[in-house]
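Scroll down for the structure; my scribbles are underneath it.
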Amino acid sequence: MTVKAVSFVAKSGTGKTTLLEKVIGHLKERGYKVGVVKHDAHRFDIDHPGKDSHRLTAAGADTMLISSPEKLALVKKHAASPPIEELLSTYFSDVDIVLTEGFKKSSMPKIELNRQERSTTLLCRGEEHDPSLVAVASDGKLELDVPVLDLNDADMVADFIETKFLM
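For what it's worth, our numbering labels the leading residue of the sequence shown as -6, then goes sequentially.
Okay, structure coming up:
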């Protein structure tokens, strides 16, 4: 089974997380199980000093999982970021769709966000032509070879995802 996924890409400060929050809500209202992967080019830490999980990873655990009746969290050390395809197949077989934030260099289908006050150029239709671009969500008028969605209409973006990937 192939996991269905689409990546939201944009320049920093365009509103990827804000739009994703709204789109997730719309898809959940429609009954879909939604997974999310956030790409972080920097180091992050969900393990905090003083917590047992932090003590266990600090002691040398290569993989540490904390589980409760409501959720689980996995901390797994690795030398390099695993390919997104590996993450999807390993952790997301139980969802209808995975929305990712980032991964602009991947071959996954992409929706690029464009906020005109932030930038008039596109990542996927600028100097490079990314064939995996399936739509652009913008607050401006653009003439493109892919659908242009209203950046400020999360329901429209959810409709597009539902039609393109879930039906």
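Glycine is no exception: its CB is placed at the ideal position from the N, C-alpha and C atoms. Since the model is a prediction, treat every value here as computed from it, not as a measurement.
Of all C-beta pairs linking the segment 102 to 111 to the segment 121 to 131, three or more are shorter than 8 Å, placing the two stretches in contact. Listed in chain order, the alpha helix (DSSP H) elements of length 4 or more contained wholly in the segment 25 to 103 are 45 to 51 and 77 to 84. With fewer than 16 neighbouring CB atoms inside 10 Å of its own CB, lysine 69 falls in the exposed class. Alanine 66 is not a Cβ neighbour of isoleucine 77, given a cutoff of 8 Å.
The DSSP-derived three-state label of alanine 147 is helix. Per DSSP, the continuous beta strand (DSSP E) segment holding valine 129 begins and ends at 126 to 131. Comparing C-alpha distances from glutamate 14 to each of Lys64, Arg23, Val29 and Ser5 shows the shortest one belongs to Val29.
For the pair leucine 106 and valine -1, the CB atoms are not nearer than the 8 Å cut-off.
Residue nearest to leucine 115 within the set Phe1, Lys64, Val(-4) and Thr(-5) is Phe1 (criterion: CA-CA distance). Taking the Cβ atoms as the reference, arginine 111 lies roughly 6 Å from lysine 4, within the contact range of under 8 Å. Taking arginine 108 as the centre and dropping the five residues before and after it, the same chain places the C-beta of Thr7, Gly8, Asp132 and Leu144 closer than 7 Å to its C-beta, in chain order.
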